[in-house]
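Q:
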Ligand SMILES: Nc1nc2c(ncn2[C@@H]2O[C@H](COP(=O)(O)OP(=O)(O)O)[C@@H](O)[C@H]2O)c(=O)[nH]1
Ligand SMILES: [Mg+2]
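In the numbering used here, the protein residues as written are 1 to 307.
1. Under a three-way DSSP split, which group does residue 114 fall into?
2. Verify whether the separation of the beta carbon atoms of residue 157 and residue 92 is less than 8 Å.
3. Express the C-alpha separation of residue 203 and residue 178 in angstroms, rounding to a whole number.
4. Looking at C-alpha atoms only, which residue of 57, 196, 115 and 44 is the closest neighbour of residue 23?
5. Please classify residue 221: does DSSP put it in a helix, a strand, or coil?
6. What's the gap between the Cα of residue 113 and the Cα of residue 140?
7. At the level of alpha carbons, what is the spacing between residue 226 and residue 294?
8. For residue 171, which of helix, strand or coil comes out of DSSP?
9. Flag residue 226 as yes when its Cβ comes closer than 7 Å to any non-hydrogen atom of ligand 1, and as no otherwise.
10. What does the alpha-carbon distance come out to for the pair residue 163 and residue 127?
11. Could you compute how far the alpha carbon of residue 6 sits from the alpha carbon of residue 211?
12. Do residue 116 and residue 87 have their C-beta atoms within less than 8 Å of each other?
13. With DSSP run on the structure shown, which of helix, strand or coil describes residue 310?
14. Are the Cβ atoms of residue 313 and residue 246 separated by less than 8 Å?
15. Rounded to a whole number of angstroms, what is the C-alpha to C-alpha distance between residue 250 and residue 135?
16. Buried or exposed, going by whether 16 or more other CB atoms sit within 10 Å of the CB of residue 65?
17. Ends of the alpha helix (DSSP H) at residue 301?
18. Could you pull the DSSP bridge partners for residue 318 from this structure?
19. Contact between the region 68-83 and the region 117-126: three or more CB pairs below 8 Å?
20. Among 167, 213, 270 and 229, whose alpha-carbon lies nearest the alpha-carbon of residue 132?
21. What's the C-alpha gap between residue 290 and residue 301?
22. With a threshold of 7 Å, establish whether the CB of residue 62 neighbours any heavy atom of ligand 1.
23. Going by CA-CA distance only, name the one from 267, 276, 269 and 255 that's closest to residue 237.
24. Report the residue ranges of all beta strand (DSSP E) runs contained in full by the region 176-254; include only those spanning at least 3 residues, in chain order.
25. Pull up the distance between the alpha-carbon of residue 138 and that of residue 89, whole angstroms please.
As structure tokens, then:
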């Protein structure tokens with residue numbers, strides 16, 4: 001089914017030096033029936049803005065730096081009922097937009113993620129990309145209890161209500177994680193749909209550094225879990241302390257069996273194990289507080305809705 005002009009849709013494309021692909025991309029979205037296209041450009045030094053304008057899209061110059069800042073700025077300005085975002089690098093198919101839009105307009109989702117792992121071209125992901133993505137999706141599931149296949153996808157759709165309620169602070173490539181976390185925290189319905197993922201045009205390099213950005217994304221998922229799943233947040237710290245304590249304790253006992261008493265190591269072992277338990281208990285208590293708080297928020301929401 002084709003979902004087009006009857007709905008108030010904005011297609012949002014963040015770009016940074018994508019002159020090789022942006023023109024064709026805009027043309028193809030128009031062929032699919034979507035004429036309201038906004039390019040948010042990160043001060044490209046090539047002809048990206050010029051091409052985007054000549055293809056009839058609206059072009060906004062981003063004020064700060066990073067894909068995250070660009071999206072935050074665009075989300076504030078755009079006021080359409082549905083917002084679909086995609087990369088400007090031609091790795092996503094404009095024809096897949098119907099898959100993304102359909103759960104939104106059918107009122108089955110508030111946030112739709114295009115799952116790139118459903119169908120990807122050979123070479124679209126490096127080995128490191130594949131491992132990194134798998135790890136990050138797993139960490140996300142563990143921390144937020146929502147087991148998704150592709151939380152880092154750049155092809156997504158949102159309702160206006162969802163977009164306007166997001167509290168976003170990340171300026172770089174952590175933005176996709178932050179958006180997904182915000183959706184889970186605010187109880188929005190997330191649906192994943194299959195899409196096709198192509199490899200990048202050989203003349204344009206990715207702006208993502210897999211190790212540096214991968215690490216930043218992992219750290220964001222972990223840190224933002226503090227107020228959502230404190231048992232996970234403090235549990236990890238507690239487990240590390242306990243693990244070190246057990247290793248130190250093992251050493252102390254084997255030495256003691258040989259007739260040598262290691263006083264300092266014994267003290268260290270005790271501190272590590274006690275601190276580990278403290279963190280775990282702190283996690284349990286925080287978890288209780290968060291659960292109670294969530295119940296209260298739900299009741300308040302229900303009351304507001306029923307009014
Ligand atoms: N406006 C803006 N867009 C950016 C910035 N960095 C990357 N992008 C765009 O965001 C999209 C995703 O970046 P990309 O390098 O393809 O990351 P990858 O898909 O994870 O390899 C592309 O369309 C980039 O041109 C930025 O700092 N500002
Ligand atoms: Mg890309």
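Backbone N, C-alpha and C fix where the C-beta goes; we use that ideal spot for every residue, glycine too.
A: Result, derived from the coordinates:
1. Here residue 114 sits in strand by DSSP.
2. No, these two residues do not count as a Cβ contact at 8 Å.
3. When the Cα atoms are used, residue 178 and residue 203 turn out to be separated by approximately 30 Å.
4. Ranked by Cα distance from residue 23, the first of 57, 196, 115 and 44 is 57.
5. Of the three classes helix, strand and coil, the one that applies to residue 221 here is helix, per DSSP.
6. Distance between the alpha carbons of residue 113 and residue 140: 15 Å.
7. If I take the Cα positions, the gap works out to 14 Å.
8. In the three-state scheme derived from DSSP, where H, G and I count as helix and E and B as strand, residue 171 is classed as coil.
9. Exclusion of residue 226 from the 7 Å shell around ligand 1 follows from its C-beta lying no nearer than that to any non-hydrogen atom of the ligand.
10. In a straight line, the C-alpha of residue 163 is about 33 Å away from that of residue 127.
11. Just so you know, the alpha carbons of residue 6 and residue 211 end up roughly 43 Å apart.
12. No, Cβ-Cβ distance for residue 116 and residue 87 is not below 8 Å.
13. Beyond the ends of the chain as shown, which are 1 and 307, falls residue 310; an answer cannot be given.
14. Only positions 1 to 307 of the chain appear in this structure, which leaves residue 313 out of reach.
15. Using only the alpha carbons, I get a separation of about 31 Å.
16. A residue is called buried once 16 or more other Cβ atoms fall within 10 Å of its Cβ, and residue 65, having fewer, is exposed.
17. 263-306 is the span of the alpha helix (DSSP H), which, as asked, contains residue 301.
18. Since the first and last residues shown for the chain are 1 and 307, residue 318 lies out of range.
19. The region 68-83 vs the region 117-126: no contact.
20. The shortest C-alpha separation from residue 132 is found at 213.
21. Their Cα atoms are separated by approximately 16 Å.
22. Yes, the Cβ of residue 62 comes within 7 Å of a heavy atom of ligand 1.
23. Among 267, 276, 269 and 255, the Cα nearest to that of residue 237 is on 276.
24. You should have 190-197.
25. For residue 138 and residue 89, the distance between alpha carbons rounds to 27 Å.
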